[in-house]
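Once you know that position 33 of the sequence shown is 33 in the UniProt record's numbering, the rest is easy, because the numbers rise by one and skip nothing.
Using N, Cα and C, we set each Cβ at its ideal position, and we do this for glycine too.
Step one of this worksheet: look at the structure below.
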Amino acid sequence: MADLHAELVAPDRVVFAGEIRSVVLPGVEGDMTVLPGHAPLVTALHPGIVFATDTDGVGRRAFVSGGLVEVTGSRVTILAERVRPVEELTSDGLDEEILHLQMERDGTRDEAIRAQFEASISRLEEFKASLGL
1 MADLHAELVA PDRVVFAGEI RSVVLPGVEG DMTVLPGHAP LVTALHPGIV FATDTDGVGR
61 RAFVSGGLVE VTGSRVTILA ERVRPVEELT SDGLDEEILH LQMERDGTRD EAIRAQFEAS
121 ISRLEEFKAS LGL
(Lines of atoms letter the chains of each structure in order from A and count residues from 1; the text may use other names and numbers.)
(Lines give C-alpha, C1' and ligand atoms only; values in the text may rest on other atoms or scores of the structure.)
Protein backbone atom coordinates (compact mmCIF):
# COMPACT_ATOMS: atom_id res chain seq x y z
CA MET A 1 0.00 0.00 0.00
CA ALA A 2 1.23 3.51 -0.78
CA ASP A 3 1.93 5.87 2.07
CA LEU A 4 1.42 9.56 2.67
CA HIS A 5 4.10 12.03 3.64
CA ALA A 6 2.69 14.11 6.49
CA GLU A 7 3.82 17.24 8.24
CA LEU A 8 2.23 18.73 11.35
CA VAL A 9 3.52 22.27 11.67
CA ALA A 10 3.02 24.71 14.56
CA PRO A 11 4.02 28.37 14.25
CA ASP A 12 7.27 27.72 16.13
CA ARG A 13 8.29 24.25 14.96
CA VAL A 14 7.65 21.17 12.86
CA VAL A 15 5.94 18.81 15.31
CA PHE A 16 5.98 15.76 13.05
CA ALA A 17 7.26 14.96 9.59
CA GLY A 18 7.23 11.44 8.21
CA GLU A 19 5.42 8.67 6.40
CA ILE A 20 1.95 7.60 7.52
CA ARG A 21 -0.80 5.29 6.28
CA SER A 22 -3.71 7.59 7.10
CA VAL A 23 -4.77 10.60 9.13
CA VAL A 24 -8.10 11.62 10.67
CA LEU A 25 -8.59 15.38 10.86
CA PRO A 26 -11.14 17.64 12.63
CA GLY A 27 -12.34 19.49 9.52
CA VAL A 28 -14.78 22.38 9.80
CA GLU A 29 -17.28 20.37 7.75
CA GLY A 30 -16.80 17.28 9.91
CA ASP A 31 -14.06 14.80 10.70
CA MET A 32 -12.31 13.51 7.61
CA THR A 33 -9.95 10.65 6.88
CA VAL A 34 -7.16 11.11 4.36
CA LEU A 35 -5.73 8.01 2.69
CA PRO A 36 -3.21 7.67 -0.15
CA GLY A 37 -4.83 8.82 -3.39
CA HIS A 38 -7.15 11.33 -1.70
CA ALA A 39 -8.38 14.15 -3.92
CA PRO A 40 -6.46 17.40 -3.52
CA LEU A 41 -8.02 19.86 -1.10
CA VAL A 42 -7.44 22.73 1.27
CA THR A 43 -9.77 23.15 4.25
CA ALA A 44 -9.90 24.71 7.68
CA LEU A 45 -9.67 22.71 10.90
CA HIS A 46 -11.72 23.00 14.08
CA PRO A 47 -10.04 22.43 17.43
CA GLY A 48 -9.71 18.69 17.95
CA ILE A 49 -7.57 15.61 17.66
CA VAL A 50 -5.38 14.75 14.69
CA PHE A 51 -4.96 10.97 14.63
CA ALA A 52 -2.33 9.55 12.30
CA THR A 53 -1.48 5.89 11.78
CA ASP A 54 2.20 5.44 10.96
CA THR A 55 3.62 2.87 8.56
CA ASP A 56 4.00 0.36 11.41
CA GLY A 57 0.30 0.64 12.27
CA VAL A 58 0.95 2.68 15.42
CA GLY A 59 -1.45 5.55 16.13
CA ARG A 60 -0.17 9.01 17.00
CA ARG A 61 -2.45 11.71 18.43
CA ALA A 62 -2.11 15.44 18.91
CA PHE A 63 -4.54 18.20 19.83
CA VAL A 64 -4.73 21.14 17.42
CA SER A 65 -6.51 24.36 18.27
CA GLY A 66 -7.48 24.92 14.65
CA GLY A 67 -5.64 25.66 11.44
CA LEU A 68 -5.51 24.53 7.83
CA VAL A 69 -4.77 21.29 6.02
CA GLU A 70 -3.59 20.87 2.45
CA VAL A 71 -3.75 17.51 0.68
CA THR A 72 -1.85 17.18 -2.61
CA GLY A 73 -1.15 13.79 -4.14
CA SER A 74 0.65 11.73 -1.53
CA ARG A 75 1.31 14.67 0.82
CA VAL A 76 -0.64 16.07 3.80
CA THR A 77 0.44 19.35 5.36
CA ILE A 78 -1.29 20.44 8.57
CA LEU A 79 -0.67 24.04 9.61
CA ALA A 80 -1.93 24.30 13.18
CA GLU A 81 -2.44 27.41 15.27
CA ARG A 82 -1.27 25.52 18.35
CA VAL A 83 -0.38 21.87 18.96
CA ARG A 84 -0.39 19.97 22.25
CA PRO A 85 0.31 16.31 22.92
CA VAL A 86 -2.94 14.63 23.97
CA GLU A 87 -1.25 13.37 27.13
CA GLU A 88 -0.68 16.98 28.24
CA LEU A 89 -4.30 18.11 27.91
CA THR A 90 -5.79 19.43 31.15
CA SER A 91 -9.08 20.99 32.11
CA ASP A 92 -7.35 24.35 32.58
CA GLY A 93 -5.61 24.08 29.21
CA LEU A 94 -8.87 23.36 27.41
CA ASP A 95 -10.57 26.20 29.30
CA GLU A 96 -7.82 28.51 28.00
CA GLU A 97 -8.50 27.32 24.44
CA ILE A 98 -12.25 27.93 24.91
CA LEU A 99 -11.61 31.42 26.34
CA HIS A 100 -9.31 32.23 23.42
CA LEU A 101 -12.03 31.22 20.94
CA GLN A 102 -14.66 33.23 22.83
CA MET A 103 -12.45 36.32 22.71
CA GLU A 104 -11.86 35.84 18.97
CA ARG A 105 -15.62 35.42 18.44
CA ASP A 106 -16.40 38.54 20.45
CA GLY A 107 -13.87 40.53 18.43
CA THR A 108 -15.68 40.11 15.11
CA ARG A 109 -18.99 41.39 13.78
CA ASP A 110 -19.08 39.06 10.77
CA GLU A 111 -21.91 36.61 11.48
CA ALA A 112 -20.42 33.82 9.36
CA ILE A 113 -17.13 34.02 11.23
CA ARG A 114 -18.94 34.24 14.58
CA ALA A 115 -20.86 31.07 13.65
CA GLN A 116 -17.58 29.28 12.91
CA PHE A 117 -16.21 30.32 16.30
CA GLU A 118 -19.44 29.13 17.98
CA ALA A 119 -19.10 25.75 16.28
CA SER A 120 -15.46 25.49 17.40
CA ILE A 121 -16.38 26.44 20.98
CA SER A 122 -19.18 23.86 21.09
CA ARG A 123 -16.94 21.19 19.64
CA LEU A 124 -14.21 21.93 22.17
CA GLU A 125 -16.67 21.88 25.08
CA GLU A 126 -17.99 18.49 23.88
CA PHE A 127 -14.43 17.22 23.51
CA LYS A 128 -13.56 18.34 27.05
CA ALA A 129 -16.67 16.59 28.41
CA SER A 130 -15.82 13.39 26.51
CA LEU A 131 -12.42 13.33 28.24
CA GLY A 132 -14.12 13.73 31.62
CA LEU A 133 -12.19 16.93 32.33
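- When the Cα atoms are used, Val86 and Gly30 turn out to be separated by approximately 20 Å.
- DSSP, read as helix, strand or coil, puts Asp12 in coil.
- Annotation: Gly27 to Val42 spans about 10 Å, alpha carbon to alpha carbon.
- If you check the CB distance, Ala39 and Ile20 do not come in under 8 Å.
- Assignment of Ala119 by DSSP, reduced to helix, strand and coil, places it in the helix class.
- Closest in C-alpha terms to Leu133, from the list Leu99, Thr108, Gly93 and Ser120, comes Gly93.
- A straight-line Cα-Cα distance of about 32 Å links Leu4 and Ile98.
- One thing to note: Val64 has its Cβ within 8 Å of the Cβ of Val83.
- Non-local beta-carbon contacts of Thr53 in its own chain, meaning distances under 7 Å to residues more than five positions away in sequence, involve Ile20, Arg21, Ser22 and Gly59 in chain order.
- For Arg60, the enclosing beta strand (DSSP E) stretches over residues Gly59 to Val64.
- One thing to note: Gly67 has its Cβ no nearer than 8 Å to the Cβ of Leu35.
- Taking a contact as a CB-CB distance under 8 Å, the pair Leu101 and Ser120 counts as one, their CB atoms being some 5 Å apart.
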